[in-house]
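Step one of this worksheet: look at the structure below.
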Amino acid sequence: TCALPICFPVTILVTVKNRKKADDTLRESRQFLSDIIDNNGSIIFVKDREGKYLTVNSKWNEIIGISTENTIGKTDFDLFPKETAQEFRKNDELILNTEGQLVYEEKLEQNGQLRYFLSIKFPLKDKDGMVIGTCGNSTEITELKMAQLALRESEANLKALLSSSLESIWSVDSNYSIIYANERFAQEFQIAYGQKLEKGKNILSLLPETIRNTWKERYDAVLENRRIRFTERFEFDNRVLIFDIVMRPLS
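In terms of the working numbering, the sequence shown opens at residue 67 and continues consecutively.
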């Protein structure tokens with residue numbers, strides 16, 4: 067059995083080895099986390115309470131076009147136009163004040179072109195739970211946004227075209243509920259049947275009972291993926307109106 071003075075160095079050696087192992091494990095964990103952040107497909111950044119950037123990942127450099135060295139320690143007012151910086155700061159302050167997560171769209175103008183981002187921001191807290199800054203994750207959605215805007219514009223143009231058409235145009239769903247009716251069809255329907263069309267209403271319920279089954283059969287045929295064509299005769303104000311009607315399924 068060794069004497070006490072001889073055992074101390076052994077105990078110290080074991081302690082140093084354990085500490086080195088713990089340091090190595092911590093270093094590996096930090097490197098692992100750093101690799102995940104730096105190779106993420108989204109922009110990741112951390113700011114302090116004053117809005118100064120503490121860290122950004124490589125995606126920031128790629129998309130924003132500002133190096134890490136020229137970002138750290140700067141605020142949005144140092145990096146972006148005033149209006150953009152004010153918007154970013156407003157969102158940061160909302161996080162700091164509410165201590166909650168925020169998901170929203172942000173815009174950034176670069177070289178005269180607007181770029182859109184879906185951003186998630188949340189508070190950064192210390193070990194005591196005190197908010198010391200904000201963290202953010204921003205994914206560029208410019209292509210999706212442009213597609214949405216183009217679709218919205220296309221739909222608006224189509225609606226304007228249908229509304230101004232001299233032909234009666236309407237559509238119903240599988241429950242015979244009105245999806246769309248242009249002005250011409252709404253006017254002619256009211257003249258023929260004395261009923262006002264409204265989106266969501268069952269079109270069969272607005273028809274006279276004497277012809278309801280006939281029209282139901284027509285709608286059912288179209289819902290079975292058939293195209294039908296027929297003429298319909300209306301008498302109104304001592305006049306006879308004849309319509310050539312084509313009904314087809316919506317794809």
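For every residue, glycine included, the Cβ atom is placed at its ideal position computed from N, Cα and C.
(request) Have a look at residue 146 and residue 154 and give me their C-alpha separation to the nearest angstrom. (result) Here residue 146 corresponds to residue number 80 of the sequence shown, with the count starting at 1. Here residue 154 corresponds to residue number 88 of the sequence shown, with the count starting at 1. Using only the alpha carbons, I get a separation of about 10 Å.
(request) Please list the segments of the beta strand (DSSP E) lying wholly inside the segment 215-251, counting only runs of 3 or more residues, in order along the chain. (result) 236-238, 244-247
(message) Taking the beta carbon of residue 365 as the centre, do at least 16 other beta carbons fall within 10 Å, making it buried, or is it exposed?
(response) In the structure displayed, the chain extends from 67 to 317; residue 365 sits before or after that span and is not available.
(request) Please report how far the alpha carbon of residue 159 lies from the alpha carbon of residue 223, in whole angstroms. (result) Mapped onto the sequence shown, residue 159 falls at position 93. Mapped onto the sequence shown, residue 223 falls at position 157. Cα to Cα, residue 159 sits roughly 40 Å from residue 223.
(request) Classify residue 170 as buried or exposed, calling it buried when 16 or more other Cβ atoms lie within 10 Å of its own Cβ. (result) Locating residue 170 in the sequence shown gives position 104, counting from the first residue. Exposed: under 16 other Cβ atoms inside 10 Å.
(message) What does the alpha-carbon distance come out to for the pair residue 232 and residue 250?
(response) For the purposes of this step, residue 232 is identified with residue 166 of the sequence shown, where counting begins at 1. For the purposes of this step, residue 250 is identified with residue 184 of the sequence shown, where counting begins at 1. In a straight line, the C-alpha of residue 232 is about 7 Å away from that of residue 250.
(request) Report the option in 266, 307, 173, 178 whose CA atom is closest to the CA atom of residue 258. (result) The residue given as residue 258 occupies position 192 in the sequence shown. For the residues 266, 307, 173, 178, the minimum Cα distance to residue 258 belongs to 307.
(message) Can you confirm whether the segment 131-142 touches the segment 214-222 when touching is taken to mean that 3 or more C-beta pairs between the two stretches lie within less than 8 Å?
(response) no
(message) According to DSSP, simplified to helix, strand and coil, what is residue 275?
(response) Residue mapping note: residue 275 aligns to position 209 of the sequence shown, counting from 1. Helix at residue 275.
(request) Could you check if residue 189 is buried or exposed, using at least 16 other CB atoms within 10 Å of its CB as the buried criterion? (result) As a first step, residue 189 is located in the sequence shown; it is residue number 123 there, counting from the start. Answer is buried; the Cβ neighbour count reaches 16.
(request) For residue 313, name the three-state secondary structure that DSSP assigns. (result) Translated into positions along the sequence shown, residue 313 becomes position 247. Strand.
(request) Label residue 238 either buried or exposed according to how many other C-beta atoms from any shown protein chain fall within 10 Å of its C-beta, with 16 as the threshold for buried. (result) Taking the first residue of the sequence shown as position 1, residue 238 is located at position 172. Buried.
(request) Quickly, what does DSSP pair residue 199 with across the bridge? List them, please. (result) Taking the first residue of the sequence shown as position 1, residue 199 is located at position 133. In DSSP, residue 199 forms a bridge with 114, 190.
(request) Taking residue 185 and residue 172 to be in contact with their CB atoms under 8 Å, please state how far apart those CB atoms are, rounded to whole angstroms. (result) The sequence position of residue 185 within the sequence shown is 119, counting from 1. The sequence position of residue 172 within the sequence shown is 106, counting from 1. Correct: roughly 5 Å between the Cβ atoms.
(request) Consult DSSP for residue 204 and reduce its assignment to one of helix, strand or coil. (result) Stepping through the sequence shown from its first residue, residue 204 is reached at position 138. Three-state result, residue 204: strand.
(request) Within its chain, find whatever has a CB closer than 8 Å to the CB of residue 92; leave out the 5 residues flanking it on each side and keep chain order. (result) As a first step, residue 92 is located in the sequence shown; it is residue number 26 there, counting from the start. Residue placement at residue 92 is poorly supported in this model, since its pLDDT is 49, which falls under 50; the coordinates still yield a value, given next. Correct list: empty, nothing qualifies.
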